[in-house]
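S.K.: Residue numbers (this note's numbering), protein chains in the order written: chain A, 1 to 192; chain B, 1001 to 1092; chain C, 2001 to 2573; chain D, 3001 to 3226.
Even for Gly, the Cβ is constructed at its ideal location relative to N, Cα and C.
Could you have a look at this structure, given as structure tokens, before my questions?
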């Protein structure tokens, strides 16, 4: 929302974007706190390697690819908005939503496999962190999927799109942040 | 400012990201020493995060303010983590 | 924001789901004051119990079992009251009043904006904390009662219901806190975005009123410190609900991790509450001394430095908690160093009095009350900050006295200074001076008489959070001190009656307030009282700093920020 | 002020008290100075007709010196307090002497389980015995305590010794003291540990070394091998 005062002060960064960046700063602290706790506890505790050996890096690698690709489609949606193409923006938003859902589906499959093999959150500290970290991340993916879906619908309907369009960039910033979190989660949880 | 400068080739960056993903996986499964493997894996992760932040999140063309907003929490986190090492890692 | 030129918004949009920052500010104010009643009532029961542990507590016979047995307090309920008192006062009184109410109401007005940058987010932040308050209050009524592990909720006590007998109360406590954090994150994001993007033309950062600086610093501190505790709260909630093992040692968790995450937030949180209170006082002082705040920029820099320092001192809450002993001295040094920026701020406040033309209406009395009492809180912080002394006084009433001497002046002296000062602007009416002065003196005397004795109790080794001090022989001689503190506390409580009468009475019977009744410079006084929707008839432009009082050669002793005076009279920024 | 502390009976207790008083006199000086300045300014500069306020901004170094110089003095005093405190902290918490007597204290809701080494003076042997909430130590000996907790966080507090240490489940923390005066004192829990927190009191007895030995022998005989 642009107000008269924004214009008067000549705000160089749109309010929505600034707000999203402040939000991401607090998110960095939240995820960072959890990640720091994970790393520190892992160095402290014994027997984590044995537990960590049971995660499925192959499934997670596929999911990484999915998420990286969704970032690509998200940024293409932003580009389409900048170039004034509502139709292309809608298409790329839909792709992003579908990729996000794919990620969640794969994640659900992975969870069900782990639980089938008897690895629940209460099995060991490693699994507490595994479910805590990936679960919190999955919730963020879900929130992003909902936001992107709302934008997709707005792009399809076209009514008031001019007002909504800048939000594609803000949603994109959030989506890429969620991607970055995964970029660190993937090696921390699955590869080491 | 021309269009090509404004929008970098997002697909090219995506290819780099996928390539780095493969490199990361190789580091994990090739017979490096453990310390070396972890070092390489996280170097790759930092490179990937850097690419996403710089190009997809457009940090490339953002103002100093945005850098400060994003950078300060990272610094604080590093500080927090280091300060917790004696207590959490080397607990008595 | 489009001006609603035609047709007033209906009742719901105007008073309930309002996006107007002024209405949201009022909502926060009422929420804070209502929750303060709950906090004060719990303080009354706690204090009475400490003074006369085996007696029936007056006025409490209506509270049912198992909390009270015909006016006799249950030990579990005592712990629950202690927990809820702390939680409510910090998160649901201090923050809503100082940040939610004063911040929301003043920030857009002080920077000459028509509203917040994100008005709907602002509305959401209020309704989120409202939900949080409802969740927290409802925990009084669930089976097992509210949380009983202290406001710091140290696991494993808070982690496993079998340790306290509290099951859902603790979960609701965590949920309420998470919602509260979300609310103030939204609020803080809004404050920062608004202040960066919506300042009136000419209003550079070094022309902002100090209140705005304090609110912004507080918002940044909150935003950057709360994340790890949100993570911690999620971990604790998962421990309690799905059986993870983050903090339970028998399953491989680490209880100290929580303490670190909590205090990494907990210490900056003190400054989140403190700074807006200081800001209110700094707005009141120049108006009633009729001279500029001494050392504006120095105060701003000191504030930023103290904010940064607040991130590297948290382990002073944990000197005897089992941390590595080698960490104590570094954290002791950083902690005690914080006294330097705060000494500068306090000295600057005192210097602001020098050479003034001082009057003593109620807001000024509270501002001075803040200055006098906050000094006690400040200097006693040095004792706690010294790791060696902390070995003895940690977990005693010395600490309780200390943090009440920092937070009470901030929230109540600073907050009341702000309420009495801005009431004309918020509600368009003046408050009663006689009642206000009575309120001040009762509060000032009652407060000091309640908490000075607690320093002595602490030196005597009196532990915090104990239901019956008479269990210990070495505490028995201290009973008269406890009783004195309790009687003083009752005086303090009764002293709030004039305020309640004044606050609600003036809404109806107060004299209509002029636009600028105190002769102040900042922008909020340059519009009507209360300001209309959209705040300013014409968007103001700013020509000077906020504290140009008693300019030499000027006809009037104040010069509003939006007024351009001849260049000869206007010196510097 | 003096006289409010519980009687000190340890070798390092006086040092802790001394740091307290050092801080007390330093901040007391500043406290009085600032309060006097406030009251003096309020009286001297109260509003008088035809005397306008002075327009001082405090943005020049010459003016700011009134604030910054005292603050610099505060900084120097701070560092002095740090130095004095650090030495005492190291004595109490960081540099633990070997200890003539070694005890184990395990906290649980709501009592202190004190394990004594028995007549052989060694923990982990058959003549160890455990007593509930009774801490006996010999006078004038360095006592080393290994502190643990079975359930929640407790805090081991000996007011007369000026010693406090949280007992954290999952960790064992060592501490030490040397009690110089015989008598019966109290051991308190100083961290909220549940509904019975206030009852978590222990008896703390400082005996002469002979009486201590006799007490140990008697208990080892009664509960020996437990």
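What residue from C/2257, C/2304, C/2220, C/2142 has the CA that sits closest to residue 2153 of chain C's CA?
M.R.: C/2257
S.K.: Decide if residue 2425 of chain C is buried, meaning its Cβ has at least 16 other Cβ atoms within 10 Å, or exposed.
M.R.: buried
S.K.: Name, please, each residue of chain D whose Cβ falls closer than 8 Å to the Cβ of residue 2471 of chain C.
M.R.: 3198, 3199, 3201
S.K.: Taking all protein chains shown into account, do 16 or more other C-beta atoms lie within 10 angstroms of the C-beta of residue 2005 of chain C, making it buried, or fewer, making it exposed?
M.R.: Residue placement at residue 2005 of chain C is flagged as unreliable, the pLDDT there being 46, under the threshold of 50; the coordinate-derived value follows with that caveat. Exposed, because fewer than 16 other Cβ atoms sit within 10 Å of the Cβ of residue 2005 of chain C.
S.K.: Determine which residues share a DSSP beta bridge with residue 2065 of chain C and list them.
M.R.: Paired residue(s): none; residue 2065 of chain C is not in a bridge.
S.K.: Taking 8 Å as the limit between beta carbons, can you name the residues of its chain near residue 3105 of chain D, skipping five residues before and five after?
M.R.: 3112, 3113, 3114, 3115, 3135, 3145, 3146, 3147, 3148, 3156, 3167
S.K.: Rounded to whole angstroms, what's the CA-CA distance from residue 2015 of chain C to residue 2026 of chain C? Just pull it up for me.
M.R.: 10 Å
S.K.: At a Cβ cut of 8 Å, what residues of the stretch 1052-1068 of chain B count as close to chain C, listed as they run along the chain?
M.R.: 1065
S.K.: Tell me, please, whether the CB atom of residue 2486 of chain C is closer than 8 Å to any CB atom in chain D?
M.R.: no
S.K.: If we define contact as Cβ-Cβ less than 8 Å, is residue 2255 of chain C a contact residue for chain B?
M.R.: No, residue 2255 of chain C does not count as interfacial toward chain B.
S.K.: For residue 9 of chain A, which residues in the same chain have their Cβ closer than 6 Å to its Cβ, ignoring the five residues on either side in sequence?
M.R.: Confidence is the limiting factor: at residue 9 of chain A the pLDDT is only 42, short of 50, which leaves the residue's position unreliable, though a coordinate-based value still follows. So the list is empty, once near-sequence residues are dropped.
S.K.: What's the gap between the Cα of residue 3181 of chain D and the Cα of residue 2475 of chain C?
M.R.: 20 Å
S.K.: Output, in chain order, the set of chain C residues within a Cβ distance shorter than 8 Å of residue 52 of chain A.
M.R.: Going along chain C, no residue has its Cβ under 8 Å from residue 52 of chain A, so there is no contact; the nearest lies around 14 Å.
S.K.: With 8 Å set as the bound, which would you pick, yes or no: does the beta-carbon of residue 2520 of chain C sit closer than that to a beta-carbon of chain D?
M.R.: no
S.K.: So, does the CB of residue 2326 of chain C fall closer than 8 Å to a CB anywhere in chain B?
M.R.: Yes, residue 2326 of chain C lies at the interface with chain B (some Cβ there is under 8 Å from its Cβ).
S.K.: Anyone know if the C-beta pair for residue 2380 of chain C and residue 2405 of chain C falls short of 8 Å?
M.R.: yes
S.K.: For residue 2110 of chain C versus residue 2212 of chain C, is the C-beta distance shorter than 8 Å?
M.R.: Contact annotation: residue 2110 of chain C and residue 2212 of chain C have beta-carbon atoms nearer than 8 Å.
S.K.: Using a cut-off of 9 Å between C-beta atoms, extract the partners of residue 1079 of chain B located in chain C.
M.R.: 2311, 2312
S.K.: Could you tell me which residues DSSP pairs with residue 3104 of chain D in its beta bridges?
M.R.: D/3115, D/3146
S.K.: Just mark residue 2374 of chain C as buried or exposed, buried being the case when its beta carbon has 16 or more other beta carbons within 10 Å.
M.R.: buried
S.K.: Can you confirm whether residue 122 of chain A, when its beta carbon is compared against all beta carbons of chain B, has any partner nearer than 8 Å?
M.R.: So no, residue 122 of chain A is outside the interface.
S.K.: For residue 2417 of chain C and residue 2551 of chain C, what's the separation of their Cα atoms in angstroms?
M.R.: A direct Cα-Cα distance of roughly 25 Å separates residue 2417 of chain C from residue 2551 of chain C.
S.K.: Give, in chain order, every residue of the stretch 3084-3095 of chain D whose Cβ lies closer than 7 Å to some Cβ of chain C.
M.R.: 3085, 3086, 3088, 3089, 3092, 3093, 3094
S.K.: With DSSP as the reference, label residue 7 of chain A as helix, strand or coil.
M.R.: Because residue 7 of chain A carries a pLDDT of 38, less than 50, the predicted location of this residue cannot be relied on, and the following value inherits that uncertainty. Here residue 7 of chain A sits in helix by DSSP.
S.K.: Between residue 3063 of chain D and residue 2210 of chain C, what straight-line distance do the alpha-carbon atoms span, to the nearest angstrom?
M.R.: 20 Å
S.K.: Given that residue 192 of chain A touches chain B, what residues does it touch there, using C-beta distances under 7 Å?
M.R.: 1038, 1041
S.K.: May I ask you to list the residues that DSSP assigns as paired with residue 3164 of chain D?
M.R.: In the DSSP secondary-structure assignment, residue 3164 of chain D is bridged to D/3157.
S.K.: Would you list the one or two residues that DSSP bridges to residue 3188 of chain D?
M.R.: D/3157
S.K.: Per DSSP, what kind of secondary structure is residue 2131 of chain C in: helix, strand or coil?
M.R.: In this structure, residue 2131 of chain C counts as helix in the three-state DSSP scheme.
S.K.: Just verifying my parser: in three-state terms, what is the DSSP assignment at residue 179 of chain A?
M.R.: helix
S.K.: Given a cut-off of 8 Å on the beta-carbon distance, is the pair residue 3206 of chain D and residue 3109 of chain D in contact?
M.R.: no
S.K.: Sort C/2269, C/2340, C/2447, C/2420 by Cα distance to residue 2365 of chain C and report the nearest one.
M.R.: C/2420
S.K.: Are the C-beta atoms of residue 3098 of chain D and some chain C residue less than 8 Å apart?
M.R.: no
S.K.: What residues from the stretch 2220-2232 of chain C come within 8 Å of chain A, judged by C-beta to C-beta, listed N to C?
M.R.: Residues of the stretch 2220-2232 of chain C whose Cβ lies closer than 8 Å to any Cβ of chain A, in chain order: 2223, 2224, 2225, 2226, 2227, 2228, 2229, 2230, 2231, 2232.
S.K.: Just tell me which of C/2315, C/2328, C/2335 has its CA closest to the CA of residue 2306 of chain C.
M.R.: C/2335
S.K.: Can you look up residue 2355 of chain C in the DSSP assignment and give me helix, strand or coil?
M.R.: coil
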